[in-house]
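The sequence shown begins at 6 in our numbering and counts up by one. Glycine included, C-beta positions come from ideal geometry on N, C-alpha and C. Everything numeric in this text was worked out from a predicted model, so none of it was measured.
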Amino acid sequence: MKLLIIEDEPEMLENMTQTLERQRYIVETASDYKTALYKIGVYDYDCILLDISLPDGNGLELLKELKSSGKDEGVIIVSAKDSLDDRLEGLNLGADDYLPKPFHMAELHARVKAVLRRRHFEGNQQIKLGNLVISPESRDVKIDDLSVALNRKEYDILMYLITNKKRLVTKSALAEHVWGDHIDQADSFDFIYSQIKNLRKKLEHATLTIEAVYGVGYKLELV
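Now the structure itself:
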């Protein structure tokens, strides 16, 4: 799962980033309005942590831009501005939650998990696809009740394909979502093929397949 933290306080940004990276999220950051606007326009995220007060703009304007563009990222407003008006405006604009500063990092993690579960998994603790069962909070993967050991990238690829099941996922979208925006510096997407190949082997007894669309990308299909 990939997150974007929009926060202008360096210490807070660092603490939030370290906390969520320890939970094995892919975390990208923006410390000003201009950078954040660029990133939400170019990249896709599972959840955005949004500060209202930015040095060069208002975070609520970013939320308006996000929703007007038709993107469906989960949004948690994280801000010291705890007035009722700000909270109501943010929620009315489509934010999923509002977390006032200061807060414990454990609460931040809990809020992120809750938003991801509601948006991607309809609030369920487990994802079931045929004989495949995934527990997102523990990252456990089982086929017919037998555990399957996936490395971090294999797991992230599987989860991205599941959240986009039956849709064609391009190689570039998959690479950017699993490896982050630094993927722009890659010379090719050959490394994706290697990860997909290993993932297919580990899922050979699952009642689903990862179909390749030559030259374009991949699609998850139930069998």
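Who does Asn20 pair with in a DSSP beta bridge?
Within the sequence shown, residue 20 is the residue found at index 15, counting from 1. DSSP, once it has assigned bridges, lists no residue as partnering Asn20.
N- and C-terminal bounds of the alpha helix (DSSP H) containing Thr40
By 1-based counting over the sequence shown, the position of residue 40 is 35. Segment 38-47, the alpha helix (DSSP H) holding Thr40.
Taking a contact to mean a Cβ-Cβ separation below 7 Å, would you say Ser36 touches Asp61 in this structure?
Taking the first residue of the sequence shown as 1, we reach residue 36 at position 31. Taking the first residue of the sequence shown as 1, we reach residue 61 at position 56. Going by C-beta atoms, Ser36 is not nearer than 7 Å to Asp61.
Alpha carbon to alpha carbon, how far is Ser74 from Gln131? Give it in angstroms, no decimals.
For the purposes of this step, residue 131 is taken as the residue at position 126 of the sequence shown. For the purposes of this step, residue 74 is taken as the residue at position 69 of the sequence shown. Approximately 31 Å between the Cα atoms of the pair.
Does the segment 150-163 come close enough to the segment 90-110 that 3 or more CB-CB pairs lie under 8 Å?
no
At 3 residues or longer, and completely inside the segment 109-154: list those beta strand (DSSP E) runs for me, N to C.
132-134, 137-140, 145-148
Can you give me the start and stop residues for the alpha helix (DSSP H) that Ser74 sits inside?
Here residue 74 is taken as the residue at index 69 of the sequence shown, counted from 1. Where Ser74 is concerned, there is no enclosing alpha helix (DSSP H), given that its DSSP letter is neither H nor E.
Have a look at Leu179, Gly185, Asn203, Thr214 and flag the residue whose alpha-carbon is nearest the alpha-carbon of Leu134.
Along the sequence shown, read from residue 1 onward, the residue named residue 134 stands at position 129. Per the Cα distances, Thr214.
Report the option in Lys72, Arg123, Ile57 whose CA atom is closest to the CA atom of Ile45.
Against the sequence shown, residue 45 aligns to sequence position 40. It is Lys72.
Assuming Lys7 contacts Ile31 under a Cβ cut-off of 8 Å, what Cβ separation, rounded to an integer in Å, is found between them?
The residue given as residue 7 occupies position 2 in the sequence shown. The residue given as residue 31 occupies position 26 in the sequence shown. Yes, Lys7 and Ile31 are in contact; Cβ-Cβ is about 4 Å, under 8 Å.
Within a Cβ cutoff of 6 Å, which residues of the same chain sit near Ser84, ignoring the five residues on either side of it in sequence?
The residue labelled residue 84 in the question sits at position 79 within the sequence shown. Within the same chain, Ser84 has close Cβ partners Asp56, Ile57.
Starting from Val183 and walking both ways along the beta strand (DSSP E), at which residues does that stretch end?
As a working note, residue 183 is residue 178 in the sequence shown. Here Val183 belongs to no beta strand (DSSP E); instead the alpha helix (DSSP H) covers 176-184.
So is Tyr78 buried or exposed if we call it buried at 16+ other beta carbons inside 10 Å?
Locating residue 78 in the sequence shown gives position 73, where the first residue counts as 1. This sequence places Glu at residue 78; Tyr is not what is there. Its Cβ being crowded by 16 or more others within 10 Å, Glu78 is buried.
Whose C-alpha, out of Ser199, Asp149, Tyr50, is nearest the C-alpha of Glu159?
The residue you call residue 159 lines up with position 154 of the sequence shown. Per the Cα distances, Ser199.
Quick check: Thr175 and Val221, are their CB atoms within less than 7 Å of each other?
The residue given as residue 175 occupies position 170 in the sequence shown. The residue given as residue 221 occupies position 216 in the sequence shown. Contact flag set, yes.
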